[in-house]
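Residue numbers (the working numbering), protein chains in the order written: chain A, 117 to 452; chain B, 525 to 856. To start, the structure itself, in structure tokens.
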Amino acid sequence: MNKRNWDKFSLKNFSEFKDVDIDGQNSAVNEDSLFKFVELDEFKSEVIKVEPYSYWKSVMRTFIRKPSALIAIISMLLLLLAIIVIPMFTPEGFLDFSIADKDLPPDSVHLWGTDLVGRDLFFMTWTGARKSIGLALITSSLVVVIGTGFGLIWGFYRKLDPIFIELYNLIANIPALLLYMLLSYVLSQAFPAMAAEVRLIISLTIASWIGVARFIRNQTLIITNREYNLASKTLGTPPARIMTKNLLPYLLSVIITQTSLIIPGMISSEVAMSFFGVGLPSNAISLGALLDLGRQKFELYPFQLLAPAGVLSFIIFTFFLFGLALTDALDPKKHR
Amino acid sequence: MSNIFDIFRKESKKSYPSTVSTKDSVNGRDILLEVRDVDVFFGAGKHTVKACNSLNFKIYTGETFGLVGESGSGKTTISRAILGINKLTNGAIYFKGEKITGKLTKKESLAVKSKIQMIFQDPAASLNERANVDYIISEGLYNFKMYENTDDRLHKVTDMLHKVSLLPEHLSRYPHEFSGGQRQRIGIARALIIEPELVLADEPISSLDVSIRAQVLNLLKKLQRDNDLTYLFVAHDLSIIKYISDRVAVMNDGYIVELGNANDIYSNPIHPYTKSLLTAIPQPDPRTKNDRKKLVYNRQSINYEECEYLEVSDSRFVLGTPELIKQWTTKQ
Ligand SMILES: Nc1ncnc2c1ncn2[C@@H]1O[C@H](COP(=O)(O)OP(=O)(O)O)[C@@H](O)[C@H]1O
Ligand SMILES: [Mg+2]
Numbered sequence: 117m118n119k120r121n122w123d124k125f126s127l128k129n130f131s132e133f134k135d136v137d138i139d140g141q142n143s144a145v146n147e148d149s150l151f152k153f154v155e156l157d158e159f160k161s162e163v164i165k166v167e168p169y170s171y172w173k174s175v176m177r178t179f180i181r182k183p184s185a186l187i188a189i190i191s192m193l194l195l196l197l198a199i200i201v202i203p204m205f206t207p208e209g210f211l212d213f214s215i216a217d218k219d220l221p222p223d224s225v226h227l228w229g230t231d232l233v234g235r236d237l238f239f240m241t242w243t244g245a246r247k248s249i250g251l252a253l254i255t256s257s258l259v260v261v262i263g264t265g266f267g268l269i270w271g272f273y274r275k276l277d278p279i280f281i282e283l284y285n286l287i288a289n290i291p292a293l294l295l296y297m298l299l300s301y302v303l304s305q306a307f308p309a310m311a312a313e314v315r316l317i318i319s320l321t322i323a324s325w326i327g328v329a330r331f332i333r334n335q336t337l338i339i340t341n342r343e344y345n346l347a348s349k350t351l352g353t354p355p356a357r358i359m360t361k362n363l364l365p366y367l368l369s370v371i372i373t374q375t376s377l378i379i380p381g382m383i384s385s386e387v388a389m390s391f392f393g394v395g396l397p398s399n400a401i402s403l404g405a406l407l408d409l410g411r412q413k414f415e416l417y418p419f420q421l422l423a424p425a426g427v428l429s430f431i432i433f434t435f436f437l438f439g440l441a442l443t444d445a446l447d448p449k450k451h452r
Numbered sequence: 525m526s527n528i529f530d531i532f533r534k535e536s537k538k539s540y541p542s543t544v545s546t547k548d549s550v551n552g553r554d555i556l557l558e559v560r561d562v563d564v565f566f567g568a569g570k571h572t573v574k575a576c577n578s579l580n581f582k583i584y585t586g587e588t589f590g591l592v593g594e595s596g597s598g599k600t601t602i603s604r605a606i607l608g609i610n611k612l613t614n615g616a617i618y619f620k621g622e623k624i625t626g627k628l629t630k631k632e633s634l635a636v637k638s639k640i641q642m643i644f645q646d647p648a649a650s651l652n653e654r655a656n657v658d659y660i661i662s663e664g665l666y667n668f669k670m671y672e673n674t675d676d677r678l679h680k681v682t683d684m685l686h687k688v689s690l691l692p693e694h695l696s697r698y699p700h701e702f703s704g705g706q707r708q709r710i711g712i713a714r715a716l717i718i719e720p721e722l723v724l725a726d727e728p729i730s731s732l733d734v735s736i737r738a739q740v741l742n743l744l745k746k747l748q749r750d751n752d753l754t755y756l757f758v759a760h761d762l763s764i765i766k767y768i769s770d771r772v773a774v775m776n777d778g779y780i781v782e783l784g785n786a787n788d789i790y791s792n793p794i795h796p797y798t799k800s801l802l803t804a805i806p807q808p809d810p811r812t813k814n815d816r817k818k819l820v821y822n823r824q825s826i827n828y829e830e831c832e833y834l835e836v837s838d839s840r841f842v843l844g845t846p847e848l849i850k851q852w853t854t855k856q
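Quick look at the structure:
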């Protein structure tokens, strides 16, 4: 298109434009009425119109939308309901030894039958589940808090690396069960009056915190060299505030993910320890103790083992499913 | 026999006084920052990266000192060395006549931090995504306890926000809600609120959208005027440097190859590397482009280790040998 053509084209357009009926009135259009000056407000262009993005709101939204998360939430609610409500309605004497009622099969009185000393298996199992989950929650919280604290320090102060690595090798190279047994034995000798529950919590915590610490240390190493941390250093921000304001918020999602995987691990550890006789005594009501008893007459009365084993599987499944769904929701890349 | 002594001379590190004069003996100007014989090497043995080699320059109070060179030439490394983030392999850096490299007490290093601040290249990476604007800008105020109470602090922060054309309602927002230009202005506010004297701006506009570069550059100029700031301005593009700086050091491969007044260097480049940088500047008028030949610099043609700094005219230094400089200035 040469220059003349272009002129014609734009002129034609202009005449068409003039014929347009604005506002329904056939008014003559001049340029002044078409354009008006606006004040340029330098600050107006800086206004952000979108709603503030909230990370945690998006986490909730993503979490609730997922079908697998829905299953996890429902089974978690059922589980919590069961361990809170069922033990409250235990009939008189159902958790007591009663040799006359031993080894009963399931019937309308004893829904899941009775164990080898005549206790009701349904109420025993759920009461035991409550204890096992309670212990696991306490231990997991301790492990995560201690592990995160030391992990941050370990990652932040490079000079401490050799000390922590030695400690890690020391703790991690002993098989877990052996370590629990050892710690539990030492504690029972040193503090004979200590409750078995407390001993269990302490020995599990001592054996497990360094794993979390190492995980947090690695995560910390990844983010400490990011530029925003350099910026804080050049501003002279003290280490404690760098850890709480710069590092911890970034680690929160991985910490939650870790915790959701540690809890079922702790339930298994409690069960294993009690099963091998270094956790809670066998007259205590916990899943581990019940499994230990149920094993003894498995051939004759398999239900004595299957009841606590089934509930344990359900618990572990629920926590894992919940943890995986949460991990997904915590990932900002999956937010919409 | 003399070889042995040579080795000794190389091995024994030169020692640097803990204080130096703040007046330039040649022109009498006030020196704010002095970089002396600075080497920064990373790694050891075969894999040593010599990021900075015998750097020498002075930054005078109130000026904008431009540092220009292609990426990888060591500009960020020397900026971070000034801040104490990168340790020096050799040499010393002085701020207001006091040595700020080597062993410093906590108090001394904090005092230096309150006077030298940095504006980072990538505003997306250099802001804490999990902190709101209020905390990000207040961070320095907290560290140096530069406020009386919360009201006073908020007053200072909103004041600073206004200076960088942001709004008080932004205080509760998080960095990712802002545009690139806005984020960079948050970064500028964070650095300037503690009233530093020297600001190291490490390619502050190169990661921004072209349309807003001028806006941020003008803001930096305005803030400099209003607050009597001295800038070390890093860029990989000579056109920006010419616009903003008074004096320029051209860096290539860890060496300063040419140093002098911005106008002189722009109008009369001597080192072939500077010439190649100049011809790389895009021309706004397409008709002039044809007249200019784009020079390609051959790094292999010069061995920097055999060169020295030669003063070709008043405070104009070029890295070379007398023969090379003669060749560069006569050849047309
Ligand atoms: N922390 C580090 N460790 C190892 N090498 C580095 C480090 N920082 C920078 N370098 C190297 O030093 C050289 C100069 O880098 P840099 O100062 O970032 O250049 P510029 O800022 O001019 O682009 C590059 O080769 C880079 O790879
Ligand atoms: Mg750089």
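For glycine and all other residues, C-beta sits at the position ideal for the given N, C-alpha and C.
| Item | Value |
| --- | --- |
| Residue 434/A: CB within 6 Å of a non-hydrogen atom of ligand 1 | no |
| Proximal residues of chain A, C-beta to C-beta of residue 649/B below 7 Å | 342, 343, 344 |
| Same chain, Cβ closer than 7 Å to residue 249/A, neighbours up to 5 away in sequence not counted | 199, 383, 431 |
| Exposure of residue 858/B, with buried meaning 16 or more beta-carbon neighbours within 10 Å | Missing from the structure shown is residue 858/B; chain B here goes from 525 to 856 and no further. |
| Counterpart residues of residue 770/B in DSSP-defined beta bridges | Paired residue(s): none; residue 770/B is not in a bridge. |
| Own chain partners of residue 795/B with C-beta closer than 6 Å, once the 5 adjacent residues on each side are dropped | 781, 782, 842 |
| Min CB distance residue 566/B to chain A below 7 Å | no |
| Any C-beta of chain A under 7 Å from that of residue 619/B | no |
| Alpha carbon of residue 340/A to alpha carbon of residue 578/B, nearest angstrom | 30 Å |
| Range of the contiguous alpha helix (DSSP H) that encloses residue 428/A | 419–446 |
| Candidates 212/A, 342/A, 217/A, 260/A: closest to residue 370/A by CA position | 260/A |
| Contact test: residue 599/B Cβ vs ligand 1 heavy atom, cutoff 6 Å | yes |
| Closer than 6 Å: residue 844/B CB and nearest ligand 1 heavy atom | no |
| Selected residue, minimal CA-CA separation from residue 790/B, among 609/B, 676/B, 592/B | 592/B |
| Start-to-end residues for the beta strand (DSSP E) that takes in residue 562/B | 555–566 |
| Cβ-based neighbour list, residue 245/A, same chain, cut-off 7 Å, excluding 5 preceding and 5 following | 199, 403, 427, 431 |
| Range covered by the alpha helix (DSSP H) that runs through residue 173/A | 171–181 |
| Reference residue 335/A; option with closest CA among 367/A, 311/A, 319/A | 367/A |
| Nearest candidate by alpha-carbon position, reference residue 377/A, set 253/A, 346/A, 180/A | 253/A |
| Three-way DSSP call (helix, strand, coil) for residue 615/B in this model | strand |
| Run of the alpha helix (DSSP H) containing residue 849/B, from where it starts to where it stops | 846–854 |
| Bridge partner(s) assigned by DSSP for residue 837/B | 840/B |
| Boundaries (first-last residue) of the alpha helix (DSSP H) holding residue 667/B | 657–668 |
| Integer Cβ distance of residue 625/B from residue 634/B, believed to fall under 8 Å | The Cβ separation is near 15 Å, so there is no contact. |
| Collapsed DSSP secondary structure at residue 408/A in the structure displayed | helix |
| Beta-bridge partners of residue 584/B, as assigned by DSSP | 555/B |
| Endpoints, the beta strand (DSSP E) within which residue 641/B is located | 640–643 |
| Residue span of the alpha helix (DSSP H) that contains residue 386/A, given as start and end | 364–391 |
| Span separating the alpha-carbon of residue 173/A from that of residue 445/A | 10 Å |
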